[in-house]
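Single-structure report; data block below.
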Amino acid sequence: MKLEEIIDIEFLQKVQDAFAKATGLAAITVDYRGNPITKYSNFSKFCNIVRKDPNLMAQCFKCDAFGGLEAARIGHFYVYHCHCGLVDFAVPIIVQGQYLGSMLVGQARMDEKDNEKLDYIVKESPDWKENHELIKEYEKIPIISYEKITAAAEMMFYVINHIFEREIMKYVHEELHKKNQQLINQMKVSAELEKALLNKQIQSLHLLLNPYFLFNTMNTLTCLSIIEEAPKTQEAILTLFEMLKYIITNNQNLVQLKEELAFIEKYLLLQKLRFNDRLRVMIDIPKEFESITIPPFLLQAIIDNAVIHGIEPKDGNGNISVKGYSLSRDYVFVVSDDGVGMAKEKMDRIFEDNSKNNGGKWLKGMGLNYVNSVLISLYGDEYKLSISQNSQGGITVRMRIPKN
Numbered sequence: 001m002k003l004e005e006i007i008d009i010e011f012l013q014k015v016q017d018a019f020a021k022a023t024g025l026a027a028i029t030v031d032y033r034g035n036p037i038t039k040y041s042n043f044s045k046f047c048n049i050v051r052k053d054p055n056l057m058a059q060c061f062k063c064d065a066f067g068g069l070e071a072a073r074i075g076h077f078y079v080y081h082c083h084c085g086l087v088d089f090a091v092p093i094i095v096q097g098q099y100l101g102s103m104l105v106g107q108a109r110m111d112e113k114d115n116e117k118l119d120y121i122v123k124e125s126p127d128w129k130e131n132h133e134l135i136k137e138y139e140k141i142p143i144i145s146y147e148k149i150t151a152a153a154e155m156m157f158y159v160i161n162h163i164f165e166r167e168i169m170k171y172v173h174e175e176l177h178k179k180n181q182q183l184i185n186q187m188k189v190s191a192e193l194e195k196a197l198l199n200k201q202i203q204s205l206h207l208l209l210n211p212y213f214l215f216n217t218m219n220t221l222t223c224l225s226i227i228e229e230a231p232k233t234q235e236a237i238l239t240l241f242e243m244l245k246y247i248i249t250n251n252q253n254l255v256q257l258k259e260e261l262a263f264i265e266k267y268l269l270l271q272k273l274r275f276n277d278r279l280r281v282m283i284d285i286p287k288e289f290e291s292i293t294i295p296p297f298l299l300q301a302i303i304d305n306a307v308i309h310g311i312e313p314k315d316g317n318g319n320i321s322v323k324g325y326s327l328s329r330d331y332v333f334v335v336s337d338d339g340v341g342m343a344k345e346k347m348d349r350i351f352e353d354n355s356k357n358n359g360g361k362w363l364k365g366m367g368l369n370y371v372n373s374v375l376i377s378l379y380g381d382e383y384k385l386s387i388s389q390n391s392q393g394g395i396t397v398r399m400r401i402p403k404n
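So for the sequence shown, the UniProt record's numbering puts the first residue at 1; every next one is plus one.
Put into structure tokens, the structure is as follows:
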């Protein structure tokens with residue numbers, strides 16, 4: 001959070017100028033690093049000349065920095081002597097407990113009897129007193145009582161912090177409104193995608209991507225886009241839309257395996273946003289297989305089943321292995337996981353006719369049931385899925401695609 005994000009600097013300059021004109025004091029506002037965010041108001045000729053000397057100017061900067069830090073430390077205005085003996089004070093700008101900067105005010109003289117009430121913020125620099133021009137300008141600086149200096153400091157402390165507290169409420173309200181609008185827009189996009197995907201499920205057997213995956217991913221991206229500005233978020237959103245483009249525009253019965261593997265790679269990239277290091281996938285398919293043609297989305301649906309029903313409910317890390325090899329008549333694809341496994345009753349349901357499953361509704365997890373139905377409808381009963389339990393946990397699914 002920065003000062004310039006909260007308040008209109010032009011307005012702050014007007015407040016500072018008006019205060020300087022009313023009190024006869026010089027003033028400037030700096031951020032928490034000591035960098036000026038306003039222009040000097042009522043800067044004295046004495047201090048202008050002093051700051052032309054590199055050594056004296058360095059001491060001036062130290063005074064400004066140490067004064068602001070001390071005010072921040074005590075959480076209140078701090079009055080002190082600068083290295084030339086003038087009186088300055090620092091007013092910390094503290095918003096919701098956070099130090100954002102300070103207003104530095106002063107360049108005044110005090111009565112001799114009051115000088116002992118203040119400490120030098122840094123070591124005194126007596127050398128300037130040998131400069132007749134500086135002595136002449138020093139004498140022109142008005143004398144202000146200690147009481148008036150502290151009264152001005154207290155007034156500015158309450159005024160400036162009240163202004164910033166008011167402005168922070170506006171800032172927070174605007175940020176919340178902006179983020180709420182972003183959330184609403186993302187929810188609209190998510191709802192439209194959900195509607196489009198559900199329509200696609202009804203219209204085409206091509207859509208074998210789990211809609212729950214897409215909706216969960218959209219929710220993940222919504223949260224990421226609100227709480228951070230990160231390149232990973234942009235990459236994930238682009239990946240998701242590339243997937244959607246592939247799904248919606250793909251009306252072919254067969255696609256090259258390299259296209260399907262590219263789609264699976266994008267799918268796994270997004271799943272790893274959810275699972276982080278919990279999910280490990282190894283794909284070992286010969287490169288020469290890339291040009292063969294297979295029904296779209298089937299291999300991805302088997303991997304999705306392993307992720308959703310095998311790895312997600314499992315405690316700890318999960319591994320999925322995807323392999324491909326060739327037999328005399330068929331290409332074989334094997335997906336194995338070390339997840340929670342599958343009950344025999346559920347395994348039996350995979351081989352039931354689709355029409356017996358809730359009026360044709362898909363099983364959550366997209367199913368192996370649907371993949372099995374597509375394989376049988378395209379290649380016959382002998383090409384139904386093969387599913388087996390692994391001795392170490394999880395299941396292995398084998399899908400065969402005829403070469404001819």
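Cβ coordinates follow ideal geometry from the N, Cα and C atoms, glycine included.
Asked, Found
"C-beta contact flag for T150 and V91 at 8 Å", "no"
"Beta-carbon proximity of Q389 to G310, cut-off 8 Å", "no"
"Same chain, Cβ closer than 6 Å to C60, neighbours up to 5 away in sequence not counted", "R51"
"Short Cβ contact (8 Å threshold) for V322 with R398", "no"
"Contiguous alpha helix (DSSP H) assignments of at least 4 residues, all confined to the stretch 313-339", "none"
"Separation of K258 from I294, as counted between CA atoms", "10 Å"
"Sequence-distant residues of the same chain with beta carbon closer than 7 Å to D330, five excluded per side", "R400, I401, P402, K403"
"Three-state secondary structure (DSSP) of H76", "coil"
"Reduced DSSP category for L110 - H, G, I as helix; E, B as strand; rest coil", "It is Met, not Leu, that sits at residue 110 in the sequence shown. If DSSP states are grouped into helix, strand and coil, M110 belongs with coil."
"Within 8 Å, strictly: CB atoms of M103 and M156", "yes"
"Other residues of its chain near L268: CB distance less than 6 Å, five sequence neighbours each side excluded", "V281"
"L238 burial status per 10 Å Cβ neighbour count (16 or more: buried)", "exposed"
"Distance between beta carbons of N42 and A20, contact taken as under 8 Å", "4 Å"
"contact_flag[the stretch 22-40, the stretch 63-70] where n(CB pairs < 8 Å) is 3 or more", "yes"
"Pick from D304, N372, D64, G318 that is closest to F89, judged by C-alpha positions", "D64"
"Boundaries (first-last residue) of the alpha helix (DSSP H) holding D277", "It is not in any alpha helix (DSSP H) - D277 carries neither H nor E in the DSSP assignment."
"One or two residues paired with F89 in a DSSP bridge", "V79, V105"
"7 Å CB neighbourhood of D17 in its chain, flanking five on each side removed", "S41"
"S41 - containing beta strand (DSSP E), residue span", "S41 -> no beta strand (DSSP E), and no H or E assigned at all."
"According to DSSP, residues forming a beta bridge with P402", "D330"
"N-terminal and C-terminal residue of the alpha helix (DSSP H) that Q96 is part of", "Segment: none, Q96 is in no alpha helix (DSSP H) and carries neither H nor E."
"Beta-carbon proximity check, K123 vs Y146, cutoff 8 Å", "no"
"K266 and M243 closer than 8 Å at C-beta", "yes"
"Span separating the alpha-carbon of H173 from that of K39", "29 Å"
"Boundaries of the beta strand (DSSP E) in which Q389 is found, first to last residue", "386-389"
"Opposing strand residues paired with I143 [DSSP bridges]", "R109"
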